[in-house]
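Residue numbers (the numbering used here), protein chains in the order written: chain H, 1 to 222; chain S, 1 to 304.
Remarks on the structure that follows.
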Amino acid sequence: MIYFDNVTKVYPGDDLALQDVSLSVEAGEFVSIVGHSGAGKTTMVRLILAEVAPTKGQVSFESQDVHDMSSAKVSELRRRIGTVFQDFKLLPNKTAYENIAFAMEVAGQTDEEISSDVPHVLDLVNLADKTDRFPHELSGGERQRLAIARAIVNQPDIIIADEPTGNLDPEATYEIIQILQKINDLGTTVILTTHSQGVVDSLKKRVIRLEEGRIISDTKEQ
Amino acid sequence: MSLAIDFKRIIRAGFINFMRNPVVSFVSVLIMTVTLFIMSSLILLNALLSFSLAQVSERVDINVYFYPDAAEVETLTLRDDLGLLPEVSSIDYTSREDAIESFRERHADDYLTLQALDELNENPLGASLNIQADETGQYASIVQYLETSSYGALIEKINYNQNKGIIDRLNEIMITVQRLGTIVTLFFVIISVLITFNTIRLAIYGAREEIAVMRLVGADNKYIRGPFMVEGILYGISATLLTVIALIPITLWFSSFAKTFFGGIDIFAYYVTNLPQIIIILLVAGMLLGIISSFFATRRYLNK
């Protein structure tokens, strides 16, 4: 589903982020990418989302080079990928309901679909009573659950969660991991980046370890 | 998905953003109001100067003085002939009797002059014609007609040449003032347009994180840019409203002293009479400024 073929990424100032990375993620997998800060985890996510282009090599989504796409195609690709970030990346001037509705609107859903699906997905992440709250009125865990709700509402092919638990307390972390696992159980591919060994251990799924931009291990499901 | 639904959603998002960012909206509207205010000043200044120029032109005329012994029948024929010229807009005929009478009235307190006049035993004044043309430039041809026609012998004096210098100078001054006024106001218009553009750019710069998030969830350019352009339109509409309201007391106050200075134009009455056109001009200018500023300000965040 997602393929990295000898990918190297060097940021301006000779800042080497990834070096000769090759891997593939198949549909339905739950893959954790583990590494310290600066190991290259976020760069991998940004490459998949076509936010940055590789210096060398190719990143493909279903056999299509994501960096050889028109801007409209990139938007289409991003609508097929649900993203969850450490800093939530919610729209601050929109309520919980509107944040999710926006993702559905840009995906071309009808008003009827929006008004039936948004409450449902908010209920799934236990935010049914926070519909009209703005992101700044929610706790960290609630914001992340809202970000997950937004990521899954369009039933994407894949969910990419970049350090989703980085800013959360252990209880909220546990909740988020549970939700991601449930999403994967329902058939959606999940890529999770984290620096927390505890999170990875609790999952017992495929783990890719990154160090200084290189893959140092890739252990299959335990 | 239908274009109508896209359109509806973009307009709704623009309205919501406008309402939920009251400080940004307030500042942008205020800056745009200043721009529109300067634009309307340009319109009003032009009207004021054009009116004054027209007034000056209207005051320009020529007087044709006939010899005292010129036959009245002939002078009247000349008057009628002149009336047929397309350049002539009005002619006033002053007979010899009227001339002496008004002379006496003017010198009612001047005993010596009146006594001298009485001693003459006859009317020394000739009849005269006061001619007004449609445009200042047409006097030369009227004068030429008079001088070359068969009536030339009846004419003692035409005061065109005396007035010509003053007329031309006045015209020049008015045109220079009008041109200078336009240049100065245009300069301010350009400056304020640039300030408005930068204010909107700053407002959108403040929303760059939001734009990045929208892009991440896969929003098309129209979904990102559209609401900002709607906001730009709302800035334009609000600023027009504020400008139009602010101009009511200002023109009213200005009218009170400008009336005497600029030769009778009532700038408030002019403003009220031309309000529909002024509103349309300001509305179009404001909305265009909002749309174009937003369009260019969002461009740099969309091409990444």
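We put the beta carbon where it would ideally sit given N, CA and C, even for glycine.
If you're wondering where the values come from, they're calculated on a predicted model, not measured in any experiment.
message: Any contact between the segment 161-172 of chain H and the segment 90-106 of chain H? By contact I mean 3 or more CB pairs, one from each, below 8 angstroms.
response: no
task: Determine, using beta carbons only, whether V60/S and T136/S come nearer to each other than 8 angstroms.
output: As a working mapping, residue 60/S is identified with position 60 in the second sequence. As a working mapping, residue 136/S is identified with position 136 in the second sequence. Cβ distance < 8 angstroms, so V60/S and T136/S count as in contact.
field: Min CB distance V213/S to chain H below 8 angstroms
entry: Translated into positions along the second sequence, residue 213/S becomes position 213. Yes - at least one Cβ of chain H is within 8 angstroms of the one on V213/S.
Cβ contact (3+ pairs, closer than 8 angstroms) linking the segment 59-66 of chain H and the segment 203-221 of chain H: no
query: Is it the case that the Cβ atoms of I281/S and F51/S are separated by a distance below 8 angstroms?
result: By 1-based counting over the second sequence, the position of residue 281/S is 281. By 1-based counting over the second sequence, the position of residue 51/S is 51. Not closer than 8 angstroms, so no.
message: For a quick check, are the C-beta atoms of R206/H and S32/H less than 8 angstroms apart?
response: Here residue 206/H corresponds to residue number 206 of the first sequence, with the count starting at 1. Here residue 32/H corresponds to residue number 32 of the first sequence, with the count starting at 1. Cβ distance < 8 angstroms, so R206/H and S32/H count as in contact.
- prompt: Near V121/H, what residues of its chain come up, given a Cβ to Cβ distance below 7 angstroms and the 5 sequence neighbours on each side ignored?
  reply: Counting from one through the first sequence, the residue named residue 121/H turns up at place 121. Taken in chain order, the residues that qualify are I100, A149, I152 and V153.
Span of the beta strand (DSSP E), counted from its first residue to its last, around D5/H: By 1-based counting over the first sequence, the position of residue 5/H is 5. From DSSP, the beta strand (DSSP E) with D5/H extends over I2 to Y11.
message: Going by DSSP in three states, T131/H sits in which element: helix, strand or coil?
response: Residue numbering aside, residue 131/H sits at position 131 when the first sequence is read from its first letter. Three-state DSSP puts T131/H in coil, outside helix and strand.
query: Any C-beta of chain H sitting closer than 8 angstroms to the C-beta of A297/S?
result: Position 297 of the second sequence, counted from the start, is the residue given in the question as residue 297/S. No, because no Cβ of chain H sits closer than 8 angstroms to the Cβ of A297/S.
message: Please confirm whether F102/H has its beta-carbon closer than 8 angstroms to some beta-carbon of chain S.
response: Taking the first residue of the first sequence as position 1, residue 102/H is located at position 102. Interface residue, yes.
task: Could you check the C-alpha separation between R78/H and M69/H for me, to the nearest Å?
output: Here residue 78/H refers to the residue found at position 78 when the first sequence is read from its first residue. Here residue 69/H refers to the residue found at position 69 when the first sequence is read from its first residue. Using only the alpha carbons, I get a separation of about 12 angstroms.
message: Can you tell me where the alpha helix (DSSP H) holding N17/S begins and where it ends?
response: For the purposes of this step, residue 17/S is identified with residue 17 of the second sequence, where counting begins at 1. L3 to R20 is the span of the alpha helix (DSSP H), which, as asked, contains N17/S.
Close beta carbons around D157/H, own chain, < 6 angstroms, minus the five adjacent residues each side: Along the first sequence, read from residue 1 onward, the residue named residue 157/H stands at position 157. Answer for D157/H: R80, listed in chain order.
task: For L49/H, go through chain S and note every residue whose CB falls closer than 8 angstroms to its CB, in chain order.
output: Within the first sequence, residue 49/H is the residue found at index 49, counting from 1. Going along chain S in sequence order, the residues near L49/H (Cβ under 8 angstroms) are L216.
task: Could you check the C-alpha separation between D132/H and M229/S for me, to the nearest Å?
output: The sequence position of residue 132/H within the first sequence is 132, counting from 1. The sequence position of residue 229/S within the second sequence is 229, counting from 1. For D132/H and M229/S, the distance between alpha carbons rounds to 26 angstroms.
Beta bridge counterpart(s) of E211/H as assigned by DSSP: Working through the first sequence from its first residue, we reach residue 211/H at position 211. Looking at the DSSP assignment, E211/H forms a beta bridge with R214/H.
message: Against chain S, which members of the segment 60-81 of chain H pass a CB distance test of less than 9 angstroms?
response: S71, A72, V74, S75, E76, L77, R78, R79, R80 and I81
field: Beta-carbon proximity check, L146/H vs L168/H, cutoff 8 angstroms
entry: What you label residue 146/H is simply residue 146 of the first sequence in a count that begins at 1. What you label residue 168/H is simply residue 168 of the first sequence in a count that begins at 1. No, the Cβ-Cβ distance between L146/H and L168/H is not below 8 angstroms.
field: Three-state class that DSSP yields for Y93/S in the structure shown
entry: Taking the first residue of the second sequence as 1, we reach residue 93/S at position 93. Y93/S: strand per DSSP, three-state reduction.
message: Quick check: the segment 199-218 of chain S against the segment 274-288 of chain S, are at least 3 beta-carbon pairs closer than 8 angstroms?
response: no
query: Can I62/S and I131/S be called in contact, C-beta distance under 8 angstroms?
result: Reading the second sequence from its first residue, position 62 is the one you call residue 62/S. Reading the second sequence from its first residue, position 131 is the one you call residue 131/S. Their beta carbons are under 8 angstroms apart, which means I62/S touches I131/S by this criterion.
message: In this structure, how does DSSP classify L138/H when only helix, strand and coil are distinguished?
response: On the first sequence, residue 138/H is found 138 positions in, with the first residue counted as 1. Looking at L138/H - three-state DSSP - the assignment turns out to be coil, as it is neither helix nor strand.
task: Tell me where the alpha helix (DSSP H) around G290/S begins and ends.
output: Within the second sequence, residue 290/S is the residue found at index 290, counting from 1. Where G290/S is concerned, the enclosing alpha helix (DSSP H) stretches over L275 to L302.
message: Looking at T35/S: is its Cβ nearer than 8 angstroms to the Cβ of V193/S?
response: Position 35 of the second sequence holds residue 35/S. Position 193 of the second sequence holds residue 193/S. Yes. Within cutoff.
Chain S contact residues for E105/H, given Cβ-Cβ distances below 8 angstroms: Within the first sequence, numbered from 1, the residue matching residue 105/H stands at position 105. Within chain S, the residues near E105/H are R9 and Y223.
field: Cα-Cα separation, I177/H to V199/H
entry: Along the first sequence, read from residue 1 onward, the residue named residue 177/H stands at position 177. Along the first sequence, read from residue 1 onward, the residue named residue 199/H stands at position 199. Their backbone Cα atoms lie some 8 angstroms apart in a straight line.
message: Is the beta carbon of S128/S closer than 8 angstroms to that of A99/S?
response: Here residue 99/S corresponds to residue number 99 of the second sequence, with the count starting at 1. Here residue 128/S corresponds to residue number 128 of the second sequence, with the count starting at 1. Yes, they are a contact pair.
query: Checking contacts by CB at 8 angstroms: is L91/H closer than that to chain S?
result: Mapped onto the first sequence, residue 91/H falls at position 91. True, the Cβ-Cβ gap to chain S drops below 8 angstroms.
field: Residues bridged to N130/S [DSSP beta-bridge criterion]
entry: Numbered from 1 along the second sequence, position 130 holds the residue referred to as residue 130/S. DSSP lists N63/S and D92/S as partners of N130/S.
field: chain H residues whose Cβ lies nearer than 8 angstroms to that of T210/S
entry: To locate residue 210/S, count along the second sequence from 1; it is residue 210. At residue 210/S the sequence reads Glu, which differs from the Thr that was named. What E210/S touches in chain H: L91, P92 and N93.
- prompt: Touch check for the segment 174-190 of chain H and the segment 13-28 of chain H: three-plus C-beta pairs under 8 angstroms?
  reply: yes
- prompt: Which residues in chain S sit within 8 angstroms of T83/H, going by Cβ to Cβ distance?
  reply: Taking the first residue of the first sequence as 1, we reach residue 83/H at position 83. Simply L216 and V217.
- prompt: Ordered along the chain, which non-local residues of its own chain (more than five positions away) have a Cβ less than 6 angstroms from that of A239/S?
  reply: Here residue 239/S is taken as the residue at index 239 of the second sequence, counted from 1. For A239/S, where only same-chain residues beyond five positions count, the Cβ hits under 6 angstroms are V29, M32, T33, L36 and G286.
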